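Asks: Got a structure for you, written out below as structure tokens; questions coming shortly.
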Amino acid sequence: MTSTSPAFNHLHVNTMPPVDTLSSWGTLVLSIACNTLVFQATRTPNTKSSATAASGHVRAISASHSILVTILTIIALRQQHWQLSLDDPTPPRDVDGDGNLDDAANPMIQGRSRLANMITSWEAGYLLYDTWAMAYALPRTVGRSARPSPVMVTHHALIGAGLLYLQHYIARGKERGVRVILGLLLMNASNPLLHARWWARKTGRQSRFLDAAFLVAFAGVRFGSVAWILRQYGAYHRLGLVDVFGRLRTPCKVGTASLVGLNGVWWLWMCKNFAQRYVEKTKKRI
1 MTSTSPAFNH LHVNTMPPVD TLSSWGTLVL SIACNTLVFQ ATRTPNTKSS ATAASGHVRA
61 ISASHSILVT ILTIIALRQQ HWQLSLDDPT PPRDVDGDGN LDDAANPMIQ GRSRLANMIT
121 SWEAGYLLYD TWAMAYALPR TVGRSARPSP VMVTHHALIG AGLLYLQHYI ARGKERGVRV
181 ILGLLLMNAS NPLLHARWWA RKTGRQSRFL DAAFLVAFAG VRFGSVAWIL RQYGAYHRLG
241 LVDVFGRLRT PCKVGTASLV GLNGVWWLWM CKNFAQRYVE KTKKRI
């Protein structure tokens, strides 16, 4: 038997009390209700007639949500009471072989936390609300001019559906990989800057500093989150970031590579647009 990695010594190995159904589905319903209530209560005559104001209204709620969830996620990940559902925290682990790693007691996979579960429930409810707001509420209010990108609506709907499915396991106390999911939620930390850039463009106050800050933040949270997950996962097996990626199961390896690749393409595309705008403005001044 090998000893547990020091990176996870703070994780307790007693069974967390069962999570009742209301803890999961109740938080989800509360999230939908609260976000919808905020959306309806903060609407103004301007947001009911102007596509820009209507879109900005939804973006303001999105930015506030991102800040809240990011703070709660960091708090949850730093908590000392993540618990495992197994009695033996140190099963044999394949470190030298070529097979898949034994994650039967890996805290990144098996760790459980009530706060973390509630965050995923709240995020699922928010995404369901946000999909409704973008796909139905805005076009219905101010017409097609406020309709968001179908890609964005589909993106939010699919992630919301995935988190909704997760609630089925949380309600039964059989969730896995919640720490990984929280790590992925940190990718949303750059959203407030994204929305700030949108507002700056719409009000004619576009800022190169804001553009650059967003590009740096986007790269930091999108790629940094994946690196953190792999580093934490590998710490249990005493493997480095690159080595542990090579030992992931094929679906996880493909998913991780796709996530990094798609975000990389998106980031490079945004960098290209930023550079083009900067060059064009520089030429106009000459």
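Each residue of the sequence shown is one higher than the one before, counting from 1 in full-length UniProt numbering. Positions of the beta carbon are idealized from the N, C-alpha and C atoms, including for glycine. Note that the coordinates shown come from a computational prediction; the quantities given were computed from them, not determined experimentally.
1. Checking 7 Å against the spacing of the C-beta atoms, do residue 156 and residue 127 come in under that value?
2. Taking the C-alpha atoms as reference points, what is the distance between residue 169 and residue 175?
3. To test your reading of the DSSP string, which unbroken alpha helix (DSSP H) runs of 4 or more residues are found completely within the segment 197-278?
4. Could you check what DSSP says for residue 112 in three-state terms: helix, strand or coil?
5. Would you kindly work out how many angstroms separate the C-alpha atoms of residue 159 and residue 284, rounded to a whole number?
6. Along the chain, which unbroken stretches of the alpha helix (DSSP H) at least 4 residues long are found entirely within the segment 138-180?
7. Can you name, in chain order, every residue of its own chain whose Cβ lies under 6 Å from the Cβ of residue 231, other than the five neighbours on each side?
8. Between which two residues does the alpha helix (DSSP H) holding residue 60 run?
9. For the 8 Å Cβ check, are there 3 or more pairs between the segment 199-210 and the segment 248-256?
10. Please work out which residues of its chain come closer than 7 Å, Cβ to Cβ, to residue 123, disregarding the five sequence neighbours upstream and downstream, and give them in chain order.
11. With a cut-off of 8 Å on the beta carbons, I'd call residue 190 and residue 217 a contact; round off their distance for me.
12. Among 24, 63, 26, 149, which one has its Cα closest to the Cα of residue 39?
13. Taking just the CA atoms, how far does residue 46 sit from residue 281?
14. If we ignore side chains and look at the alpha-carbon of each, how far apart do residue 136 and residue 188 end up?
15. Compute the beta-carbon to beta-carbon distance between residue 79 and residue 115, rounded to the nearest angstrom, for a pair I have assumed lies under 8 Å.
16. The alpha helix (DSSP H) that contains residue 40, what's its start and end?
17. Does the Cβ-Cβ distance between residue 244 and residue 233 come in under 7 Å?
18. For residue 214, collect the residues of the same chain with a Cβ closer than 7 Å to its Cβ; drop the 5 residues on either side in sequence, then sort them by chain order.
19. Spatial neighbours of residue 119 within its chain, please: C-beta separation below 8 Å, excluding the five flanking residues on both sides.
20. Closer than 7 Å by C-beta to residue 274: which residues in its own chain qualify, once you throw out the five before and the five after it? Chain order, please.
21. Thinking C-alpha only, which one of 117, 54, 36, 61 is nearest residue 44?
22. Among the residues of its own chain, which have a CB less than 6 Å from the CB of residue 31, if the five just before and after it don't count?
23. Residues in its own chain within less than 6 Å of residue 179 by CB, not counting five upstream and five downstream?
24. Between which residues of its own chain and residue 225 is the CB-CB distance below 7 Å, once the five residues before and five after are set aside?
25. Using the rule of at least 16 other Cβ atoms within 10 Å of the residue's Cβ for burial, across every protein chain shown, is residue 89 buried or exposed?
26. Is it the case that the Cβ atoms of residue 134 and residue 150 are separated by a distance below 7 Å?
27. On a CA-only basis, which of 165, 130, 235 is nearest residue 57? Give me that one, please.
28. Considering only residues of the same chain and omitting the five flanking positions on each side of residue 219, which have a CB-CB separation below 8 Å?
29. Which same chain residues, not among the five before or five after residue 208, have their C-beta less than 7 Å away from its C-beta?
Replies: If we stick to the structure as given:
1. It is a contact, given that the beta carbons lie within the stated cut-off.
2. Distance between the alpha carbons of residue 169 and residue 175: 5 Å.
3. Counting only runs that start and end inside the segment 197-278, the alpha helix (DSSP H) elements of at least 4 residues fall at 208-237, 241-246.
4. In this structure, residue 112 counts as strand in the three-state DSSP scheme.
5. When rounded, the separation of the alpha-carbon atoms in residue 159 and residue 284 is 43 Å.
6. Correct list: 138-142, 150-170.
7. Excluding its 5 nearest sequence neighbours in each direction, residue 231 has C-beta neighbours in its own chain below 6 Å: 241, listed in chain order.
8. Annotation: the continuous alpha helix (DSSP H) that includes residue 60 extends over 51-78.
9. Touching, no, given that fewer than three Cβ pairs across the two stretches are closer than 8 Å.
10. These residues qualify, in order along the chain: 69, 163, 185.
11. 4 Å between Cβ atoms; contact.
12. Answer by Cα proximity: 63.
13. Straight-line Cα distance between these residues: approximately 32 Å.
14. Their backbone Cα atoms lie some 23 Å apart in a straight line.
15. Between residue 79 and residue 115, the beta carbon gap of about 7 Å places them in contact (Cβ cut-off 8 Å).
16. Counting along the chain, the unbroken alpha helix (DSSP H) around residue 40 starts and ends at 27-41.
17. Yes. Within cutoff.
18. For residue 214, where only same-chain residues beyond five positions count, the Cβ hits under 7 Å are 190, 193, 194, 197.
19. For residue 119, where only same-chain residues beyond five positions count, the Cβ hits under 8 Å are 69, 72, 73, 76, 182, 185.
20. Excluding sequence positions up to five before and after residue 274, its CB lies within less than 7 Å of the CB of 211, 215, all in the same chain and listed in chain order.
21. Looking at the Cα atoms, 54 is the closest of the given residues.
22. In its chain, beyond the 5 residues on either side, 122, 125, 126 have a beta carbon closer than 6 Å to the beta carbon of residue 31.
23. Sequence-distant Cβ neighbours of residue 179 in its own chain, meaning closer than 6 Å and more than five residues away, are 108, 111.
24. Excluding its 5 nearest sequence neighbours in each direction, residue 225 has C-beta neighbours in its own chain below 7 Å: 183, 184, 186, 187, listed in chain order.
25. Unreliable positioning characterises residue 89 in this predicted model, as indicated by a pLDDT of 49, which lies under 50. The coordinate reading is nonetheless provided below. The residue in question, residue 89, is buried, as its Cβ has 16 or more Cβ neighbours within 10 Å.
26. Result no, Cβ atoms of residue 134 and residue 150 do not sit closer than 7 Å.
27. Considering only alpha carbons, the answer is 130.
28. The answer, listed in chain order, is 267.
29. Taking C-beta separations shorter than 7 Å and ignoring five residues to either side along the sequence, the partners of residue 208 in its chain run 278, following chain order.
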